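Below is one structure, written out as C-alpha cells; comments come after it.
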Amino acid sequence: MTTNDLEERVIDFAVLIVDIVEEIKNNYAGNYYGNQLIRSSGSPALNYGEARSAESHKDFVHKMGICLKELRESYNFLKIIFRANLYIGDKQNILKVLDENNQLISIFVASIKTSKNNNSKIVNR
26 MTTNDLEERV
36 IDFAVLIVDI
46 VEEIKNNYAG
56 NYYGNQLIRS
66 SGSPALNYGE
76 ARSAESHKDF
86 VHKMGICLKE
96 LRESYNFLKI
106 IFRANLYIGD
116 KQNILKVLDE
126 NNQLISIFVA
136 SIKTSKNNNS
146 KIVNR
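This is the structure we're talking about:
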C-alpha cells in the first residue's frame, strides 16, 4: 500500500461515516454521538496529510499517533451507536464500516511500530 492509497482510504472512511451519520436517529443521543463521530472520523484524513509533510521523524510519529487515537475513538463511537440501536439504516453497512475502521487501526499501529523500529536502527548506527 502506498502513502497515496492510505490517504485515499482514510478520506473514503470519513465519507462513509458521513453516510452512516445520515442514518442515525434524530434524538439527543443520536445527535451527540453522530456529531462526535463526524469529528473523530475526519481527523485521521487531515492528520495523515500533516504526517506526510512532517518536519521530523518525531513529528511524523506524533501525527500518526493522533490518527490512531482518533480512529480508536471513532471505533468506540460506532460500537456505542450500534449497541444503543441509534443507527436506523442497514446494519450490514455499519458492520462494514466497523471492519474498515478496525483495518485502519491495524495499519496505523503497524506503520507507527515500523517507523519507530526504523528510526531506532538509524540512531543505533
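With positions in the sequence shown counted from 1, the corresponding number in my numbering is that position plus 25.
From the three backbone atoms N, C-alpha and C, an ideal C-beta is built for every residue, glycine too.
Source: prediction; values computed, not measured.
Self-check item: Beta-ladder partner(s) of Ile49, from DSSP
Solution: Tyr112
Quiz item: Is it the case that the Cβ atoms of Glu98 and Phe38 are separated by a distance below 7 Å?
Solution: no
Quiz item: Got a sec? Which residues, its chain only, sit under 8 Å from Val35 by beta carbon, not counting five neighbours each side?
Solution: Pro69, Ala70, Tyr73, Cys92 and Leu129
Quiz item: Is the beta carbon of Glu95 sitting closer than 7 Å to the one on Ser65?
Solution: yes
Exercise. Compare the C-alpha of Ile113 against each of Ile45, Tyr100 and Glu80 and name the closest.
Key: Ile45
Exercise. Kindly provide the ranges of any alpha helix (DSSP H) runs that are 4 or more residues long and lie completely inside the segment 46-107, ordered along the chain.
Key: 53-77
Quiz item: the ligand PLP heavy atoms versus the CB of Tyr53: any closer than 6 Å?
Solution: In the structure on display, the ligand PLP does not appear, and there are no ligands present to speak of.
Exercise. Buried or exposed for Ser81, please, with buried defined as at least 16 other CB atoms from any protein chain shown within 10 angstroms of its CB.
Key: exposed
Quiz item: With distances taken between CB atoms, is the gap from Leu103 to Leu120 smaller than 7 Å?
Solution: no
Quiz prompt | Gln61 to Gly90 span [Cα, whole Å] | solution = 19 Å
Practice problem: Assuming Leu58 and Leu111 form a contact by the criterion Cβ under 8 Å, report the distance between their Cβ atoms to the nearest whole angstrom. | Solution: Reading off the sequence shown, one finds Tyr at residue 58, where the question assumed Leu. Right, the Cβ-Cβ distance comes to about 6 Å (below 8 Å), so this counts as a contact.
Quiz item: Once you ignore the five residues that flank Asn149 on each side, which residues in its own chain have a CB closer than 7 Å to its CB?
Solution: Reliability of the predicted coordinates at Asn149 is poor, the pLDDT of 49 falling under 50, and no value is obtained from them.
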